[in-house]
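Q: FYI, the UniProt record's numbering numbers position 62 of the sequence shown as 62, with every residue one higher than the one before it. Below you will find the structure I want to go over with you.
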Amino acid sequence: EEQKQRHLPPVARGETLWCQGYSEPGAGSDLAGVRTAAVPDGAGGYAVTGQKIWTSLALDADWCFVLARTDPGS
C-alpha cells in the first residue's frame, strides 16, 4: 500500500515515466523463458544479472519494472 501511495500519483500526473523490462534475447515475450536472475545482495536488496531488449521508453524512464527469477530451480 505504501508503494502505491508513493509511486502511482506521480505516474498518473505524468511526472514519472516507467517501462517494463520483460523481453529477453532468446525468449522474446515468452515469460516462461526469462533467465534474468535476482539474488539477495546481503544488504537488503538484490543483485540482478541478465539482459532485456525491446523496452519502450527505457532511455527516458525513471523506473523499470524488471521480471527476474529469484528461485534458480523455477
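Every residue, glycine too, gets a C-beta built ideally from N, C-alpha and C.
Which residues share a DSSP beta bridge with Trp18?
A: Sequence index remark: in the sequence shown, residue 18 carries index 18 (1-based). The partner list for Trp18 (beta bridge, DSSP) reads Trp63.
Q: In terms of alpha-carbon separation, which member of Pro9, Asp71, Pro10 lies closest to Tyr46?
A: As a first step, residue 46 is located in the sequence shown; it is residue number 46 there, counting from the start. The shortest C-alpha separation from Tyr46 is found at Asp71.
Q: Sort out for me which residues DSSP pairs Val48 with in a bridge.
A: Locating residue 48 in the sequence shown gives position 48, counting from the first residue. Looking at the DSSP output, Val48 sits in a beta bridge with Ala38.
Q: Using 8 Å as the Cβ pair cut-off and three pairs as the minimum, do the stretch 59-67 and the stretch 18-25 touch?
A: yes
Q: Below 7 Å CB to CB, which residues in the same chain sit around Pro25 once its five sequence neighbours on both sides are set aside?
A: Within the sequence shown, the letter at position 25 stands for residue 25. Closer than 7 Å at Cβ, skipping near neighbours: Gln51, Ile53.
Q: DSSP three-state call for Arg13: helix, strand or coil?
A: Stepping through the sequence shown from its first residue, residue 13 is reached at position 13. Arg13: coil per DSSP, three-state reduction.
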